[in-house]
Each structure stands twice: as structure tokens, then as C-alpha cells.
Amino acid sequence: MALPGAYLEAFTAEEISFQAEDELITIIPRRHIQEMQLAGWKLPALRPMRRTDVPLWLALLLKKQDRCSIVFPNWMDEAVLKDFVEKERVEPGFSSLPWFWQPQSAALLAGASDDYTGNLDNIRQLLQDLREIRQAKVRQGITLVNESHMQMDGLSLMELNEVRPLMSKTMATLQKLHQ
Amino acid sequence: MSRIRDPIDSIIAGLGKKPDASEQAANRAVIELKKAWVAERMAPTVLPYAGDTLETVMSQIRGLIEFVEEKSLLLHEGDITSSGQDGENIKLQLLVVETELERAKFVARGYLRARLAKIDQSAIYWSTQTPLDTPLSPKEQEYLQRRLIIKEKLYDSSFLLSLHSDLQNLNDTDGAVSMVDEPDLDKPVAIKVTKPGLDPVVCGNDTVLLEHGGLYMLRYSAIAGLPVDIV
Amino acid sequence: MYYDINDIETEGQRVPTTFNVTVPHLGHIVGNTETIESGTVLELPLWLAGQLSTVQVDNDAETTFVSLEEPAVFSPDVINALKSAPVSLDLAEQSTVFTNLALHWLQMFDFPELANVLYDAVQQRSAEIYDYAVAQRGAQPQFDESERQLYRLVHGVMRNMRAWQAFGQ
Numbered sequence: 001m002a003l004p005g006a007y008l009e010a011f012t013a014e015e016i017s018f019q020a021e022d023e024l025i026t027i028i029p030r031r032h033i034q035e036m037q038l039a040g041w042k043l044p045a046l047r048p049m050r051r052t053d054v055p056l057w058l059a060l061l062l063k064k065q066d067r068c069s070i071v072f073p074n075w076m077d078e079a080v081l082k083d084f085v086e087k088e089r090v091e092p093g094f095s096s097l098p099w100f101w102q103p104q105s106a107a108l109l110a111g112a113s114d115d116y117t118g119n120l121d122n123i124r125q126l127l128q129d130l131r132e133i134r135q136a137k138v139r140q141g142i143t144l145v146n147e148s149h150m151q152m153d154g155l156s157l158m159e160l161n162e163v164r165p166l167m168s169k170t171m172a173t174l175q176k177l178h179q
Numbered sequence: 001m002s003r004i005r006d007p008i009d010s011i012i013a014g015l016g017k018k019p020d021a022s023e024q025a026a027n028r029a030v031i032e033l034k035k036a037w038v039a040e041r042m043a044p045t046v047l048p049y050a051g052d053t054l055e056t057v058m059s060q061i062r063g064l065i066e067f068v069e070e071k072s073l074l075l076h077e078g079d080i081t082s083s084g085q086d087g088e089n090i091k092l093q094l095l096v097v098e099t100e101l102e103r104a105k106f107v108a109r110g111y112l113r114a115r116l117a118k119i120d121q122s123a124i125y126w127s128t129q130t131p132l133d134t135p136l137s138p139k140e141q142e143y144l145q146r147r148l149i150i151k152e153k154l155y156d157s158s159f160l161l162s163l164h165s166d167l168q169n170l171n172d173t174d175g176a177v178s179m180v181d182e183p184d185l186d187k188p189v190a191i192k193v194t195k196p197g198l199d200p201v202v203c204g205n206d207t208v209l210l211e212h213g214g215l216y217m218l219r220y221s222a223i224a225g226l227p228v229d230i231v
Numbered sequence: 001m002y003y004d005i006n007d008i009e010t011e012g013q014r015v016p017t018t019f020n021v022t023v024p025h026l027g028h029i030v031g032n033t034e035t036i037e038s039g040t041v042l043e044l045p046l047w048l049a050g051q052l053s054t055v056q057v058d059n060d061a062e063t064t065f066v067s068l069e070e071p072a073v074f075s076p077d078v079i080n081a082l083k084s085a086p087v088s089l090d091l092a093e094q095s096t097v098f099t100n101l102a103l104h105w106l107q108m109f110d111f112p113e114l115a116n117v118l119y120d121a122v123q124q125r126s127a128e129i130y131d132y133a134v135a136q137r138g139a140q141p142q143f144d145e146s147e148r149q150l151y152r153l154v155h156g157v158m159r160n161m162r163a164w165q166a167f168g169q
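Protein chains in written order, with UniProt numbering: chain X, 1 to 179; chain U, 1 to 231; chain S, 1 to 169.
Written out as C-alpha cells, the structure reads:
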């Protein structure tokens, strides 16, 4: 079998992390790094203290080698996250967090937490709050699913993926009942 | 749907600004192939073959492999001591290139495996498609033919030949249930609308507006061939 | 899709039929008689009943061998119960393949009450399946086979999510 059957219904969390690692993030190099030819693009020479945007996987790799520090994205600021949580509580839809907010924040907190300037416990809690509030909305949404379509603006890929097989199969059953 | 107030909007808008090198990084063939992999995994049918993109990625992979071999040789033959400045630079380059190499290989493999999985699922159906209609690449068609022959032999020797000749068919479509599994084109898929100005699509009895930036779940047949991202 | 286990199980469910004609030499399937008299009510597996109810006795006549009667699982009592308590109704107790049997039945007959009530119930029960998967409780005994299959799929995705350990913990 080329793939286990469930793989055609949803991605694994690891595959979504993989996808998220191509997102660009700002780094501050610590040391000079030579220009490099990579697959279809050239990484320019990195100069110390000069901010550059690179894919997340490369940022994490350089960080691990102690070659750079990583600039956390603005949406991970405690104040911004708090704002997101508040909005998420009062507004019916999903707030527009980045498409990869979960794997991105998870990777950054796992691999570069010392570059975070705020309080780590606080943002972990805020991220957890966001997840729970949004999960409750997803649950609410399932009872509204119909046979034709469902609009889910603001839902991120990881959240979509978690509920995708249920939505897809439920919609398929409803299609048959609607005929 | 809700909109977060201006400060956050502007922050998110700011995320999109990229200098040249990162623009290159975001638009390369591997990223395009990754999109094709994602769409292929979630679409119920085999999509048009992204042969050109795959070929580009493969040639890039070959380039990276050459690079790794050359540089490893330098280190290995002792021309450059691995503890010195040059040695450290090369080691870092190797680390980066090898990581990128593995990522590119993962995407290429994932893309082909997703297609093979769907070809396997509806093998007899795909074998009935004419060369003009089939989305299968020549290599995939070859795979399909060999696979069918092997499986038929196995079924024949295991049990089919001991049945009456009328009962030996594997492609009977006359009965109440067709034996030939076809891709279910009405399977709901998730899409992201990344272009403005798309016409509304018909979904059963409903008409669905495809708003720019919207995320939808709807039957594949309603959006097949449209310039939306299957996610 | 060609048969899966759920379909085979579903087509093996016995449904009541009434014979429209007298069939000699077939009495042994009822018991100790020689002939099945016209009007005999007999429970047959769905795959057979379905065929016999569509095949005409001879080319000129409209008459089919049997007429299908509504199975007890789709009786007004059950439909009302499903309507008033869509989530708590023990579907598996009605039939382990209730949903799929209903889908098969609706392909053969117009039965708007069943279709509408089940449509609402599927929405509600899907949310219930989601809750069970989120809480990592085992599948409810009152889920039928289709629901169980869905639960297993969703549970697998959730378990993978958990193992992946969100937020770098």
C-alpha cells in the first residue's frame, strides 16, 4: 500500500509541522555565514546583527548551531495574544490567526524559547486558551454542518485538519440523505 | 466572519513583506510541488500530473547531491581541516544543504505516494481511461498495468480459476453494485480561495459565493479545475 | 464504493416481504410446507429482498415476486424517538447498521420522514462523536457501525495531535 488509508482523509500533525517550516521568519545572525545555493534559491551571505527573513526550518537549524537568534512574530507578543483571546471570546467567528499558528508557535517555543522577551508561561497559557475557545466553536460548527458547504474563515490548518474527516464524512452522509 | 481590529490586521499584513531572497525562497519549485502534494493528498481523484515542477525539483535535488558529495570529499581527504574556520563553514553548509535535500525528497516522495495510493484504490477504473483523458504519467500508467497483471494472477491462482467462468470477472458493472470503484468526485474537500473575482459555484441546490480569502468545505466536483487551493 | 464490511452486514439485514405470487417447491425456506402461498409474509436478507422486489414475474406483468414492507427499525416509534432524542437514542440497539440500512432503504424508497429526522440526528450525533474523540473516551456503545468507523477515524487523528504535543511542552 502506497499510503495508509487514513492519510487520504487527513494530514498527520508532523506533516503539518513540516508544511509550517517553510514559512518565513526573521533571524538576527550572530556570525557571518557564507552565501549558499539551495534548491531553487540562494541564501544570501548573512552578516552579524543584520536581520534577514529565512524559512523557519533554516532559522531553527541555525539557532541550534548557535548561529542566530530568532525574532518572534508580532502575533506572539503577550499583549497581541491577549487581544486575540479577548476577541475570540466575544466574537462568533474565528479570529484571523496565522494559517500555521499552532505548529509555528510550538516549534519556536521548543527551539528558541530563550529568544522570547516576554513571559513564557503567560503565552503558553494564552495559546492554550485560544485553542480551547476555538475548539468549542468548532464543536458548535459541527451541529450546523449541512450537505452542501461550510465556510470556516479564520480556522487554521491544524484545526481544520483535526475536524476535517468528521466534517467530510458527515457532509457526505448528509448529501445522501438530502437526495 | 470576525475581523480583529486594526493593530493586529496591520501586523499580519506586515508579515507578508519579504525581501528578494526570501521571495525566491517562497516561490521556488519545491514550494509549488508541496502545494501539489497537499492538493493531491486531499482531492478524491488523481489530479493533472505536475511533471514539469517535479522535474525541476528533481534536477535541484541532483544539484544538491553533487554539492554534498564534493564538499564531503574535501573534508574527507583532509584538504580542509574540519576544525578550522573553512571546515566549520563547510560543515554548516553541508548541514543546511542536507536538510533542504531531505525536505525536497520528502515532498517529491509524498506527492508520488499520494497519487499511487489513489491509483491503487481505483486501479481498474484508471485502466479504462484513454491516454488522452488520463491524468497518469507514462510511468504511473506502466505501474498500473503491471500492478493489474500481478494482482489478477494472484486472484486467479488463489480462487478465481476455481469459479465458474461467468463469476471470474473483476470488472463487472452490471450488477446492483459495480465492481469498478471510481473516485468519489462528490467527496467534500477543504479549499482556500486565493484569487479574487471567482464566479459562484453550484453545490447541489445551493449556490456558493467564493469570497477572496475564504476557507470552505464543499464537494470536490463543485470546484474541480478552478484556481483555488485544496488544503 | 464496492462492498465494505458495513455494506455486507447491511445487506444481510432481514427485512419483511410479502410474496405477491405463489411459489411451488420453495416452502422449505419457511418451514415444513411444499409451497409458498401468495400473501405469505417472510423476512429475507435485504440483498435478496431488494432483487425480488424489483424483478417482474414475467415480462408483461407489473407484478414483482415480493413487495418490501417497512422494517420495524423504521417504525413510527423509532422515528419519533430519533426525533425527540437524537443524541441519546441507542441506535445500535435498533440496528448495528442503522445509518447504512437507512441509506440503502432511501435509495429504494421515498421516505421523507426518515430522511429528515436522520439528517438532523446525524448533525447532532456527529458533534457527539467529536466530543468523545476530544475527551478520548471510548466509542459509545450506542453508536452504530458507521458511527463507530467515523469515531475510529476521528479518534486516530486526535490521538496523533496529542502525541505531537502542542506548544513545545
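No residue lacks a Cβ here, since even glycine has one placed at the ideal position from N, Cα and C.
Counting only runs of 3+ residues fully inside the UniProt domain "GINS subunit" (75-177) of chain X, write out the beta strand (DSSP E) ranges in chain order.
-> Segments of the beta strand (DSSP E) lying fully in the UniProt domain "GINS subunit" (75-177) of chain X: 149-151.
For chain U, is any of its Cβ atoms less than 8 Å away from the one on X/MET36?
-> Among the residues facing chain U, X/MET36 is included, as its CB has a counterpart in that chain under 8 Å away.
In angstroms, rounded to a whole number, what distance separates the CA positions of U/GLY110 and U/GLU140?
-> If I take the Cα positions, the gap works out to 15 Å.
Alpha helix (DSSP H) segment containing S/THR54, residue limits = Unbroken alpha helix (DSSP H) run through S/THR54: 46-54.
Would you call the segment 121-138 of chain X and the segment 85-94 of chain X in contact, with 3 or more CB pairs under 8 Å?
-> In this structure the segment 121-138 of chain X touches the segment 85-94 of chain X; the number of beta carbon pairs closer than 8 Å is three or more.
Determine whether the Cβ of U/GLN168 lies closer than 8 Å to any Cβ atom of chain X.
-> Taking 8 Å as the CB threshold, U/GLN168 stays off the interface with chain X.
Does U/ILE4 get closer than 8 Å to chain S when you measure Cβ to Cβ?
-> Annotation note: pLDDT 42 at U/ILE4 (below 50); position unreliable, coordinate value reported separately. No, U/ILE4 lies away from the interface with chain S (no Cβ there is under 8 Å from its Cβ).
Residue interval of the beta strand (DSSP E) (run including U/MET179) = No beta strand (DSSP E) holds U/MET179; DSSP gives it neither H nor E.
How long is the line joining the alpha carbons of S/ILE79 and S/VAL66, rounded to whole angstroms?
-> Their backbone Cα atoms lie some 25 Å apart in a straight line.
Can you list, in chain order, the residues of the segment 42-73 of chain S whose Cβ is nearer than 7 Å to any Cβ on chain X?
-> Correct list: empty, as no residue qualifies.
For U/GLU88, which three-state DSSP category applies?
-> The three-state secondary structure of U/GLU88, taken from DSSP, is helix.
Got a sec, what are the start and stop residues for the beta strand (DSSP E) S/SER88 sits in?
-> Segment: none, S/SER88 is in no beta strand (DSSP E) and carries neither H nor E.
State yes or no: is the beta carbon of S/ALA139 nearer than 8 Å to at least one beta carbon in chain X?
-> Closer than 8 Å: no.
Neighbour-count burial assignment, X/LYS169, 16 or more Cβ in a 10 Å radius = Buried, by the Cβ-count rule.
Selected residue, minimal CA-CA separation from U/VAL68, among U/GLN93, U/ALA117 and U/GLY225 = Comparing Cα positions, the closest option is U/GLN93.
Buried or exposed: U/PRO44, going by 16 or more other Cβ atoms within 10 Å of its Cβ?
-> It counts as buried.
From the DSSP output, in three-state form, read off U/PRO19 for me.
-> Low per-residue confidence applies at U/PRO19: pLDDT is 49, beneath 50, and the placement is therefore not dependable, though the value from the model is reported in the following sentence. Correct three-state label for U/PRO19: coil.
Work out the CA separation of X/ILE28 and X/ARG71 for me, nearest whole Å.
-> Just to set this straight, residue 71 of chain X is Val in the shown sequence, not Arg. Per the coordinates, the alpha-carbon of X/VAL71 lies some 7 Å from the alpha-carbon of X/ILE28.
Output yes if chain S places a C-beta closer than 8 Å to the C-beta of X/THR170; else output no.
-> At least one CB of chain S lies nearer than 8 Å to the CB of X/THR170.
Provide the residue span of the beta strand (DSSP E) that contains U/THR207, from first to last.
-> From DSSP, the beta strand (DSSP E) with U/THR207 extends over 206-208.
Taking three-plus beta-carbon pairs below 8 Å as touching, is the segment 33-44 of chain U in contact with the segment 183-198 of chain U?
-> Touching, per the Cβ criterion.
Can you tell me which of the three DSSP states X/ALA39 falls into?
-> When secondary structure is reduced to three states using DSSP, X/ALA39 falls in the coil class, being assigned neither helix nor strand.
Through-space distance from U/PRO196 to residue 233 of chain U, alpha-carbon basis = Past the boundaries of the shown model lies residue 233 of chain U; chain U is included only from 1 to 231, so the question cannot be answered.
Is the number of C-beta pairs between the segment 69-84 of chain S and the segment 112-124 of chain S that are closer than 8 Å three or more?
-> Judged by Cβ distances under 8 Å, the segment 69-84 of chain S makes contact with the segment 112-124 of chain S, as three or more pairs qualify.
Spell out whether any CB of chain S is found under 8 Å from the CB atom of X/GLU14.
-> Yes - at least one Cβ of chain S is within 8 Å of the one on X/GLU14.
Bridge partners - S/PHE19, DSSP secondary structure assignment = Answer is S/VAL66, bridged to S/PHE19.
Distance between X/ALA112 and X/CYS68 (C-alpha atoms, nearest Å) | Put simply, the backbone Cα of X/CYS68 is about 10 Å away from that of X/ALA112.
When you check each C-beta in the segment 67-96 of chain U against every C-beta of chain X, which residues fall closer than 8 Å?
-> When CB distances to chain X are screened at a threshold of 8 Å, the residues of the segment 67-96 of chain U falling below it are PHE67, ASN89, LEU92, GLN93, LEU95 and VAL96, in chain order.
Cβ atoms of S/ALA127 and X/ILE33: under 8 Å apart, would you say?
-> Taking 8 Å as the Cβ cut-off, X/ILE33 and S/ALA127 do not qualify as a contacting pair.
Beta-carbon gap between S/ALA43 and S/VAL15 smaller than 8 Å = A small fix is needed here, since residue 43 of chain S is Glu in this sequence, not Ala. The criterion of a C-beta distance shorter than 8 Å is satisfied by S/GLU43 and S/VAL15.
So which residues on chain X does U/LYS34 lean against when the C-beta distance must stay under 8 Å?
-> Result: GLN19 and ASP22.
Could you work out which residues of chain X lie near S/TYR130, taking near to mean beta carbons separated by less than 9 Å?
-> Here the neighbours are VAL138, ARG139, ILE142, VAL163 and LEU166.
Since U/LEU116 meets chain X, which of its residues come closer than 7 Å, beta carbon to beta carbon?
-> Identification of chain X residues near U/LEU116 by a Cβ-Cβ cut-off of 7 Å yields ALA2, ordered along the chain.
Limits of the beta strand (DSSP E) - the one that U/LYS192 falls within | Per DSSP, U/LYS192 belongs to the beta strand (DSSP E) from 188-192.
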